[in-house]
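One structure is given here, and the rest of the page talks about it.
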Amino acid sequence: MSRSVLDRKIISEGPIAHWSLLLGRVFYGIAFLATSVALVTRYGEAVRVLTSLDAPLPGFITVSGIVIFSLCGLLLAAGFYARLAAFASALFLLGLAGVFWGADGYGLQCAVALALAGGLMPLTVFGPGAVCVNLLFRQEETGGELHASKRHI
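Here it is, written out as structure tokens:
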């Protein structure tokens, strides 16, 4: 079996791709849900940090983070409207990186926000993969192919 056939049949379009997408979505979901719980339990501290960084509307940003991380974390883990959830999360994370950009002592938070946003980009393009809740509600057969032309919300 040639390398290109192996890559296409097993890695790029086969079970490794499907399981990788599923695990990646679940890991993002766990991380986002844990972040939303931390924001709820440490709301005052989060607002104080954003205020010290001169962020506009620190309370609104914190509440937005709780809502986005909770809702998008659940949607990503389930693979339901995963493209939209990934895109919304990436936009919020890019904005958050902008808040942390150049602030003394917050370079790691900026880098993490950028890395998470970048990691969500392929999910917005290729969708949730073959193992997702979306396929339970769709009438057409997808075959589980992973191509950008196969649009699953």
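For the sequence shown, this note's numbering gives the first residue as 12, with consecutive numbering after it.
Think of the CB as a built atom: it goes at the ideal place given N, C-alpha and C, for glycine as much as any other residue.
Keep in mind the model is a prediction, meaning the values are calculated, not measured.
Close Cβ partners of residue i (< 7 Å) along its chain, the five nearest in sequence each way excluded
i	result
P69	V58, L61, T62
Nearest neighbour of residue i, chosen from the options [CA to CA]
i	options	result
D65	C83, T46, D115	D115
T135	T73, Q120, A97	A97
G35	I77, P26, A88	A88
M132	I27, L32, I41	L32
Y54	Y117, W112, F71	F71
A42	A99, A93, S81, G140	S81
S75	C143, A126, A93, A99	A99
G129	G138, A101, A141	A101
A124	Y92, G138, Y39, I27	Y39
Proximity test, Cβ basis, 8 Å: residue i and chain C
i	result
D115	Among the chains of the structure shown, chain C does not appear; only one protein chain is present.
Burial state of residue i, where buried means 16 or more other Cβ atoms lie within 10 Å
i	result
T73	buried
G90	buried
I79	buried
P67	exposed
P139	buried
Contacts around residue i, its chain only, beta-carbon distance under 8 Å, and the 5 residues preceding and following it disregarded
i	result
E56	none
V110	L61, L64, A66, I72
Own chain residues within Cβ distance below 6 Å of residue i, not counting five before or after
i	result
V142	H29, L33
Assess contact between the stretch 101–120 and the stretch 38–57, defined as three or more Cβ pairs (one per stretch) separated by less than 8 Å. Is contact present? With a cut-off of 8 Å, the stretch 38–57 and the stretch 101–120 do not count as touching, because too few Cβ pairs lie within range.
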